[in-house]
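Student: Take this structure, written in C-alpha cells, and hold onto it; I'll ask about it next.
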Amino acid sequence: MTPGPLLSVAGVVLLLGLVVGPGRPQLWRILTLCGVAIGMGAAVRVLSGGGDWEWRSGFPLGGEAMHLRLDGVSALFLVLVCTVGGGGCVYGGEYWSDHHYPASAPRGRAWWNALLVSLGWVLLSANGLHFLLGWELFTVSAYFLITLDRQRLQVRAAGWLYLVASHTGTVCLFAFFALLAARTGSWDLGPLRGQAGLSSLFWLALLGFGVKAGLFPLHVWLPSAHANAPSHVSAILSGVALKMGVYGIVRFSGWLPVPAASGWVVIGLGSVSALLGIAFSVAQNDFKRMLAYCSVENVGIIFIGVGGAMLAVSHGDAPWGRLAMAGALLHVWNHGAFKSLLFLGAGSVLHAAGTREMSRLGGLWPRMPWTAGLFVLGSVAASGLPPLNGLVSEWLIYLGLFDAVAGRGPAGWAALPAILALATAGALALVGFVKTGALIFLGAPRTRAVARADECGWGMRVPMLALAAVCLAIGLAPVLFWPAVSRAVDAWHPAWATRESPAPLATLGLFQATLGILVATAAAALWYRAKSRGGRRAPTWDCGFRAPTARMQYTAASFAGITAGWFDWILQPMLRWRRPRGLFPTGAFRRESVPETVLERVISPVAAGVLRVSTAVRRLQHGRLQSYILYLVTGLLGLGVLVLLEGAP
Amino acid sequence: MIVMLDLVLRLALWLLLPPLLPGLINKVKAWVAGRRGPPVLQLYHDLARLWQKDVVLSNLASPGFVIAPAVAWVALVGAAMLLPLGPTGAAFGFRGDVLLLVYLLALARFATAWAALETGSAFGGMGAAREVSYAVLTEAALVAAVLSLSVQSGSITLATLLAPAAGAGAVLLAGGLFAVLLAENCRVPFDDPNTHLELTMIHEVMVLDHSGPPLAVILHGASLKLLLFSVLLTEAVLPLGRLPPFVAAAALAGGVLSVILGVGLVESLLARFAFRRVPLLLTTAFLLCLFSLLVAWNGGAA
Amino acid sequence: MRALLLVIIPLVGAALAAFWPGNRTRPWLLPAVGLVHAGLTFWLFLDPPRVGPADWFGFDPLARAVLPAVSLLFLVCAAYGVSYLQVRSERPNRVFVALLLTVLSLLSAGHQARHLGLLWIATEAVTLAAVPLLHFNGTPRAFEATWKYLLVGGTGIALSLLGSFCLGYSSLHGGGGGDLTFVALMSQGAGLSRPWVLTAWVLLLVGYGTKMGLAPMHTWKPDAYGEAPGLVGAILAGGVTTVAFTAILRVRAVIGAAGAGAIADRSLLVIGLFSMAVAALFLLGTRDFKRMLAYSSVEHMGILSIGAALGGAGMWAALFHVWTNSLTKGALFLSAANIRRAAGSPSLDAVRGMSVLTPRSSALFVTGLFAVTACPPFGPFFSELKVLRAALAAGHGVATAIFLGCLLLAFFGLTRVVFAVVDGRPRRAARVNSQRFVETLGVIAPPLVLLGLSLALGVFTPPLLQDAWSAAVAQLRPAP
Amino acid sequence: MNASLNLLIGLAMGLNLLALGSSRLPSLIRAMSLQGVVLGVMPLLLEQGADWRVGLVALATVVGKGVVIPSLLRRAMRAAHIDREMEPFIGFVPSLLLGAAGTIAAVALARALPLLPEHQGLLLVPGSIASVLTGFILLIGRAKAISQVCGYLILENGIYLFGLLLIHSTPLLVESGILLDLTVGVFVIGIIVDRIQRAFDSLDTRKLTVLRE
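Chains as they are written, first to last, in my numbering: chain Y, 650 to 1298; chain A, 700 to 1001; chain Z, 273 to 752; chain D, 308 to 520.
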C-alpha cells in the first residue's frame, strides 16, 4: 500500500477515537493504537525507501486546494509522533484514569487524539495556510492537555503562559507564511531554494519555530508547562511537540533559501541553549522542571547539528554537514525516546509519591524497582553515555563538527565553540541526572509520603519498557537506523544524496554492544562475588556516625551547589534562610529557589511596563461624556491633519 | 589469531600494570620525605586481600551499589583498550573513537557517583557532587586538548591523532593535561588520597561504604585510570609516531614514569588547595588546552 | 421590488408587534420575520435583481456581499431572543420586539442605499431605533449608557451629515446637478472639487467611524455593549457596525474615483491601526467581560478598516472578515449573555468558575474566544490571514508588524478575561443566582449555530460567496 | 438679499458667543432657541426663492427649535431644580475666548474652501463652522446635561447653516437631515433627559460616570 491510503485510514481511525474516546476508554485505546501503528507504517514505508508521497485535492479547504506531502523529513518526525503518541495513550489509561479524574480523563482522551491528528497534519501539510491551521490546532490541543487538571491555579497559570508564548510564536509564523505567500503569490509550499529574495524570511521562521522548540531565550513557557502538565502529556510535549519547532526549522531551511548568517546564528543559539538549558536544569529542585530544562539543552544540541549542516551547505556543500544533520535528526528520535521515558518515569514517581520536589523524596528504589531501573536507563541515555542512544547522535554531531574544524575554514570558528559547549553540556547533564536519579531513588526516604509509594502497574510500565527498548536498540544497533536518517537528510539537502555513510556506525554499534555485554557480565560476576562473600546488611557507616537520619542526606540544592554557583550570573537564585541561633535553636531554615530568569527578569518587567501603559490608557475611559466628545474632536482634527499632509502636493 | 593474541596481551598489560603506579608514587613521596615507605607492590596485596574479604552492604543500598563499580571498571577498561600503545598502535581504531573514550570516562564517573549516593550518607553526596562538578571543567579541558590534537593531525582517530607531536603548543598541552590528570585521578592539589575521614575529599569519601570485592574493583579501576591518563598525556606530547618502534616504546615507558614522578613530586611539594580555588586551577588547565588549540590552529594556517 | 420587501416586511412585522396583544407570544414574531427576511435575502443572493445605475436603492453587489451575513445573524439572534424574552418575561417587550424588527428593516435599507442621503437617513434612523433597545434593562447604568450612546453617536452622525453636505457641494462644483447617488458621484470622478472632497472624507470617516466604533470615536461602545442585552449587542456589533462600514466603503469608492484614493487608504490604515492599538491596550486591563467584547469589536473594526485600505485583495478580505466577525462575535455575545445572566454580574471581581455553573455556555464562550482570536478552523483565522497577506503584498511592513503586535496583545487580554470568568471556584452569590438560569436548548443552540457557521464559512467558503465579494470589490474599486 | 442673510448669520454667530458666555441656563436656552428661530427664517430669504417644502422645513425648525425644545428643556430644568451651570469643565471666559478664536479660525478656514459663484459673499460656511465649534465647546465644557443638549443643538444649527448651501440642489438630503435632527433633539430631551433625571435624580453629568474602566 502506498502511504496515501494508510495515512487516511490512520487519520480516520484517530478521529473516530476522538469521537468515541470520551465515553469508551478501551475502544479509544485500541483505535488510537491502531491509528498510530498505521501512521507509523506509512512513515516507515517512506523511510525505508518506498519513495515520497504527494497528493493534491481537487476540492478546496479554507479556500486552498489541499496539498499533502510525506517525504523523508516529515516521515522521520511522524515516526516519533506515532511512537510517543501510542506510548502515552497506553500510559495515560492508568496514569490519568477515569477513576482518579472522572471529569478530565474523558476530555483528555479526546484532546490526545486531536493533538496526534493535528501533529500529523502539520507534518503532512505542504500549504502555508493548512500548515498554520494544523499548527494552531496542535497548540490549542496541547494547551487543553496541559490544563487537564484545571482546578489547580498553578496548572492554569502554566497553561496560560504556554498559550500566550505559543501564540507569540504563531504570530511570527503568521507573518512568515503570509509574507511567503505574498512574495511567491501562492500558499503552496515546496522546494524554493532558487528564489534568493525569500532568504530573509528565515528570521521570522526562526523566531516562530524557536518559541515552540524552546530555544534558549524563547523557552520561558517551557519549564512550567512541562512540569505542571500530566506526565504523559509532558512526555509528548517534550518528546514530540518541541520537535515540531525543530521540524519547522529543518523543513524551511531545506525548502527555502537562508541568509548567509543563519547557520552561525542557529549554531550559536543551539550552543547557548545547550549550555544554559542544562545549567538551569542542574539547579532545579522539581524533577519535572529539571527534565523540562534538560529538553532545552537537547533542543540546543539538535540546533547545533542543524546549524552545522546549514553552515556546511553555505560553505560549498561540505560533506561534514551531512553528519551534523544526521546527528541532529537522529537526536530528534533519541531525545524523543529517552525524554518521554524519563517523563513517564517521573509521572510514575509523582503518581506514587505525590510530590515533584526531589528533596522530599528518596529511597524509592525498593518500592518502585521498575521505575527506578527504567529511569536510570533513561538518565544514562540522556547524559549521552555509552552504550545507549544519546551517545550515537551526539557522536554524529561531534564527527561533523570535528570535520568542520579539521577543514579549518571559517565554519571551523563556529564549530569550535559548539564542540566545547556540547562537551560541557554533556558533563553538566551528567551532574543533573546523577543528582535527580539518586535523590529520587537512592538513600533513605526523606518524607513519610514516600514510604507509602507503590510501583506503577503494567499499564504504565509497558510504554516505559517500549521506550527503553527503543533507546537500547538505537544505542546498540545504530546502523539499522542509519538508512532512515540518511533518507531524511537527503530529503533535506538532495545534493548530498549520492554519498555513502561517512561514519563508522557499524563499528560504533559493535563496540557499544560489546560494552553492553561486558557491563552485564561484569556486573553479574561482581554481584555474584559479593553475594558469595556474605553480602551482610548493616546501617550506612557514614564515618561512624551513630544515628543517621534521612534529613542528613545531601539535598538537591547542596548537590548542585558547585555547578549552580558557576552560573549564578544567569540563574539568579533566590535564597531565604534563617540561621539557627542560641543554645537551643528553633525554626531555622534555608530555602533556595531558582527563578526562570528570562521570564522574571526580562519579560515580566517588559510586561509590567506594557500593563502600566494599558492602565494609563484605560484611565481615558473614565466615564465623562465631555472627554469622549473631546476624543472625537481630536480624532477629527488628527484625521484632518493627516489628510492635509497627505493631500499636500 | 594474531589479533586475538594482541588483544589478550593488551588486556593483560592494562589489567596487571596499573596497581604498580600508586606504589611508585608512594615510593617517590617517601623518597622525597626521606622515609622508606610502603612496598611498591602494596596495592596488589591490598587488592588480593579485598577480593577475599566479606562484603557489608548498607541497609539502603540497591543492587546498583555493587553493579556500579563493575560498570565503571568495564568502562575504564574499554577506554583503555581504545588507547593506542605507542608503536603497536591501537587494538581497534575507528573514526571518532576519541570521543568514545571521553564518554566512557564519563560513564565511569556516572557509575562511581551513583554508587556513592546509594547509601544515603552525607559524605557520599558530598564526594559525588564534587566529582561530577569538577569533571565538567576537566571534560571541557580534555575536549579542548583533543580538539587541539585533532586540528594538528587532521584526524579524529586516536591512533593517528596521537602519532605526531603536539607541536608548538606541546608545553601548554602538557601543562593542561597534567592538571586534568591530577584532577581526574583525585591527586594533590585537588584531592588528597592519603587523608581519610575528612570533609574535604572527593574520591575517598565516595567509596567510604564500599568493602570487599567491590572496593577492590574500584581501587583497581582508579589505578587503571591513572595509567590511562599517563599514557594519554605522554602520547599527546611526545611524537611517538615519528620514532622507531623500540625507541617509541621506551619513550612511552619513560614518559609514563616521568608523569608518575611528577605526580609524586607534586604531592610531596604542594599542599591540597582550598576547594574554592579548585575551579580556578581547572579553568587554568582548560585555558592552557584552549591556547594550545589556538596555537595549533594558527600553526596550521601559517 | 424584492429588494424593497427586505425593508417593508420587517416594518410590517414591527407594526404587528406594536399591536400584538400577548407578551408571551409576541417574541415569536422575531424569528418568524427573521426567517422570511433571511429566506428573501437568500433568494436575492442566488438570483440578484438588476440594479439600474440611477437607482437610489437596490440589492447591488455590495449589499449582496454583506447583507446576507446580517440577515443570518439576525435570524439566529431572533431565535435566541425568544428564549431570552421568556427568561425576562417580567418586562414588557412590546417596544423591544417592535424596535428590533425596525432595526432589521433599517439595516436592510442602509445596506442597500445607493444614495448618499438615503444612506445617512438609514444610519441615523438605526441609531435612533436602537436607543430603547439599549435601555431595555431599565437600570440607571443602562440609561447612562444610552445617554452616552446617543450623544456621542449623535455627534458622529451629525458630522457625517455635514460630510454628506460637503460631498454634495463638491459635486455641485463639478457641475453635478445635485444627483447624490454613488454611481453619479463616482462618474464625476476628478471633476469633484478636491478641497471639498477631502473635507467630506474626513467628516464622513469620523462620522461613520463613530457609528462603526473606530478609535478614538469608540467611547460609547463599551458602555452600550456592556449594558445592553446580549442579543442587542450581537446585532449592534454584527449589523449596525456593518452598515457603517459599507457606508465608508461606498464613500471611499467616490473618493477613490475623485483621485484621492491613496489619501483615503492612508487614513483608513492609520485609523484602523490606531483602533487596534487602543483596543489591545484596553483589552489588557479590562475587568468586565461584556465590555471586553466591545473592545474586541473595536479591534475587529480596526481590522476591517485596515483591510479596506489595502487595495482589491484587502477589501475582499475585509468583506470576508465582515462575515466571519459578525457570526463569531455574535456567538460570543450570546454565550456571554448567558453567563452574565447566570452570574448576575459582568465583572471579574464577582464572576469566576462559570464552567461549573454554566458548563455549556462556558464551553461556547471559550470556543468563541479562540475563534475570534483567529484560531483555526474558524472563519476569522482565514479572513485575518488574508488581510495579513494583502498587507504584506502591498508592502506595508511596519503596519503589518503593528497589526500583529496588536493581535497578540488582544489575545493576551482576551484569554486573561475569558479564563478568569470560566475557571476557578464560583462565588456563592453567583451559585445562588445561577439556580434561576437554566441552560435550555433555546439559549445554547443559537451561539452554537453561529460558531458552526463561522467554522463552515472558514473551512468551506462557498464559491458563490467568494464571487459575491469579488463583485463587490469590482463595484467599489472599478478597474481604471 | 445676501446682505440680509449675512446679517442673520452674523446674528447667529453673536448668539453663539452669548451661549458660550451665559452661566444661567435660561439664558442659554434662550440663546439657543433664538438662534433656531433665526435659522428657521433663513431659507425663506435665499435668493432662489422658496417653495412649499422649504416653507415646511422653516416652519418645523421655528416651531421645533423655537418652541417645543425650549419648553421641554425648561420643564426638565424646573423638575431638577437647577437654573445655573455650576463649575463648568471649561470656564465661561475661556469658553468665550475659545469661541471667538474659533470664529476667527472659521473665517480663515472657509477661505480655503472654494464657493460656487452664486454663494460668493455669503457667510454661510464660516457661520456654520463657528456654530459647530461652539456646539463642541459646549458639549465638552459643560457639566449639566441641559447645557450639553443646548450644545448639541447649536452644533446641529451649524450643520443646518451649511445645508442651506445645498437646499435647492439636493433638497431631500438637506430637508430630511434637518427633520431627523430635530427628532433626535426631541428624543434626547424628551425621553432621555427625563429618564436620567428620574433615575439619577439629577441632571449633573458628573453623576453619570458609573460606567468606566
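Where is the CB? At the ideal position from N, CA and C, for every residue including glycine. Keep in mind the model is a prediction, meaning the values are calculated, not measured.
#1: Report the neighbours of Phe-396(D) on chain Z: residues whose CB is nearer than 9 Å to its CB, in chain order.
#2: Might you give, ordered along the chain, the residues of its own chain that have their beta carbon closer than 8 Å to the beta carbon of Asp-1139(Y), omitting 5 neighbours on each side?
#3: What are the start and end residues of the alpha helix (DSSP H) that includes His-716(Y)?
#4: Since Leu-476(Z) and Gly-435(Z) are thought to touch, with beta carbons under 8 Å apart, how far apart are those beta carbons, to the nearest angstrom?
#5: Measuring only between beta-carbons, confirm whether Ala-830(Y) sits less than 9 Å from chain Z.
#6: Which partner residues of Arg-391(D) appear in the DSSP bridge assignment?
#7: Could you tell me how far apart the beta carbons of Pro-872(Y) and Arg-938(Y) are, in whole angstroms, since I believe they sit closer than 8 Å?
#8: Is there a C-beta anywhere in chain D that falls below 9 Å from the one on Gly-1086(Y)?
#9: Any C-beta of chain Y within less than 9 Å: which residues of the region 517-541 of chain Z qualify?
#10: Between Ile-1123(Y) and Gly-1022(Y), what straight-line distance do the alpha-carbon atoms span, to the nearest angstrom?
#11: Please name the residues in the region 703-720 of chain Y whose beta-carbon is closer than 7 Å to at least one beta-carbon of chain Z, in chain order.
#12: Taking just the CA atoms, how far does Ala-843(A) sit from Gly-788(A)?
#13: Determine the burial state of Trp-1131(Y): buried for a count of at least 16 other Cβ atoms within 10 Å of its Cβ, exposed for fewer.
#14: Assign Pro-709(Y) to one of three DSSP states: helix, strand, or coil.
#15: Check whether the Cβ atoms of Asp-798(Y) and Ala-876(Y) lie closer than 9 Å to each other.
#16: Measure the C-alpha to C-alpha separation of Val-831(A) and Val-628(Z) and round it to an integer number of angstroms.
#17: In this structure, does DSSP put Leu-723(A) in helix, strand or coil?
#18: So what's Val-887(A) in DSSP terms, helix, strand or just coil?
#19: Since I believe Val-432(D) is in contact with Phe-469(D) (beta carbons under 8 Å), could you give me their beta-carbon distance rounded to a whole number of angstroms?
#20: Taking 9 Å as the threshold (beta carbon to beta carbon), is Trp-419(Z) in contact with chain Y?
#21: Using a Cβ cut-off of 9 Å, which residues of the region 430-460 of chain Z contact any Cβ in chain D, in chain order?
#22: Mind checking Asp-739(Z): buried by the 16 CB within 10 Å criterion, or exposed?
#23: Are the beta-carbon atoms belonging to Ser-476(D) and Leu-444(Z) less than 9 Å from one another?
#24: Counting only Cβ pairs nearer than 7 Å, list the residues of chain D close to Gln-1270(Y).
#25: Is it right to say Thr-1235(Y) is buried, meaning 16 or more other beta carbons lie within 10 angstroms of its own, or is it exposed?
#26: The region 463-485 of chain Z: which residues have C-beta closer than 7 Å to a C-beta of chain D, in chain order?
#27: Assign Ala-1001(A) to one of two classes, buried (16 or more other C-beta atoms within 10 Å of its C-beta) or exposed (fewer than that).
#28: How is the alpha helix (DSSP H) around Ala-401(Z) delimited, first residue to last?
#29: Please name the residues in the region 807-830 of chain Y whose beta-carbon is closer than 7 Å to at least one beta-carbon of chain Z, in chain order.
#30: Closest Cβ-Cβ distance between Asp-511(D) and chain Z: below 9 Å?
#31: Tell me, to the nearest whole angstrom, how far the beta carbon of Gly-640(Z) is from that of Pro-719(Z); I am working on the premise that it is less than 8 Å.
#32: At what residue ranges does the region 733-819 of chain A contain a whole run of the alpha helix (DSSP H), taking only runs of 4 or more?
#33: Quick check: the Cα distance between Leu-471(D) and Val-369(D), rounded to an integer number of angstroms?
#34: Identify, in the order they occur along the chain, each residue of the same chain with its Cβ nearer than 8 Å to the Cβ of Phe-368(Z), setting aside the five sequence neighbours on each side.
#35: Rounded to the nearest angstrom, how far is the Cβ of Ser-991(A) from that of Gly-868(A), given a contact under 8 Å?
#36: Strictly under 9 Å for the Cβ-Cβ distance: is Leu-545(Z) near chain Y by that measure?
Tutor: Reading off the structure:
#1: Here the premise fails: no neighbours, minimum Cβ distance about 15 Å.
#2: Gly-721, Trp-1145 and Ala-1146
#3: Looking at the DSSP string, His-716(Y) is not in any alpha helix (DSSP H); the run it does join, the beta strand (DSSP E), is 713-719.
#4: The pair is a contact, with the Cβ atoms about 4 Å apart (cut-off 8 Å).
#5: yes
#6: Arg-331(D)
#7: For Pro-872(Y) against Arg-938(Y), the beta-carbon gap comes to about 5 Å, under 8 Å, which counts as contact.
#8: no
#9: Ala-532, Ala-534, Ile-535, Ala-536, Arg-538 and Ser-539
#10: 18 Å
#11: Against chain Z - using a Cβ distance shorter than 7 Å - the residues of the region 703-720 of chain Y are Leu-710, Gly-711 and Gly-712.
#12: 23 Å
#13: Buried: at least 16 other Cβ atoms inside 10 Å.
#14: strand
#15: no
#16: C-alpha separation (whole angstroms): 51 Å.
#17: helix
#18: coil
#19: 7 Å
#20: Yes - at least one Cβ of chain Y is within 9 Å of the one on Trp-419(Z).
#21: Ala-430, Leu-431, Leu-433, Leu-434, Ser-436, Phe-437, Cys-438, Gly-440, Tyr-441, Ser-443, Leu-444, His-445, Gly-448, Gly-449, Gly-450, Asp-451 and Leu-452
#22: exposed
#23: yes
#24: For Gln-1270(Y), the chain D residues whose Cβ falls inside 7 Å of its Cβ are Arg-519 and Glu-520, in order along the chain.
#25: exposed
#26: Per Cβ criterion, the list reads Ser-465, Pro-467, Trp-468 and Thr-471.
#27: At Ala-1001(A), the pLDDT of 39 sits below 50, so the modelled position is not reliable; the number obtained from the coordinates is stated separately. Flag for Ala-1001(A) reads exposed.
#28: 388-406 is the span of the alpha helix (DSSP H), which, as asked, contains Ala-401(Z).
#29: Trp-809, Leu-812, Val-813, His-816, Thr-817, Val-820, Phe-823, Ala-824, Ala-827, Leu-828 and Ala-830
#30: Judged by the 9 Å Cβ criterion, Asp-511(D) is not in contact with chain Z.
#31: 7 Å
#32: The region 733-819 of chain A contains these whole alpha helix (DSSP H) runs: 741-751, 763-781 and 796-816.
#33: 15 Å
#34: Leu-357, Pro-404, Leu-405 and Phe-408
#35: 3 Å
#36: no
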